[in-house]
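Heads up, the thing below is written out as structure tokens.
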Amino acid sequence: MDEENKTSDTAQSLEALIARLEEIATLIQEGQLGLEESIKLYEEGRRIAQICQDRLTAAQHKLEILSPLRSSDSDIQPDVSPGQDDSPSSKNLLA
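Numbering of the sequence shown is given in my numbering, commencing with residue 1 and proceeding in unit increments.
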């Protein structure tokens with residue numbers, strides 16, 4: 001496979017790459033291809049599968065980085081129910 005095709009694969013969306021993987025799997029499973037063509041398609045499929053895995057791993061890392069930020073955002077919110085006044089002056093009035 002030449003560099004131009006490799007570059008175009010990495011520029012495609014994840015969904016397009018998965019669709020191509022499904023197409024390759026179908027072609028190989030049908031058994032109508034010669035050995036050389038089957039090997040070429042298998043190699044293409046392995047390469048595309050690696051690209052997909054890399055993208056999914058990168059997405060997972062992004063989510064792991066963002067998840068603590070989301071929980072820390074909720075830590076910033078006051079722990080006061082609506083209508084509840086937690087100010088020191090209101091506590092003195094109740095005492």
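Each residue gets a CB set at the ideal place from its N, CA and C atoms; glycine is no exception.
- Ranked by Cα distance from A25, the first of E15, S13, A11, E44 is E44.
- Around L56, the same chain offers L14 as residues with beta carbons nearer than 8 Å, after the five sequence neighbours per side are excluded.
- Excluding its 5 nearest sequence neighbours in each direction, S67 has no C-beta neighbour in its own chain below 8 Å.
- In the structure shown, L33 falls within a coil segment according to DSSP collapsed to helix, strand and coil.
- Counting C-beta atoms within 10 angstroms of its own C-beta, I48 has 16 or more neighbours from the protein chains shown and is therefore classed as buried.
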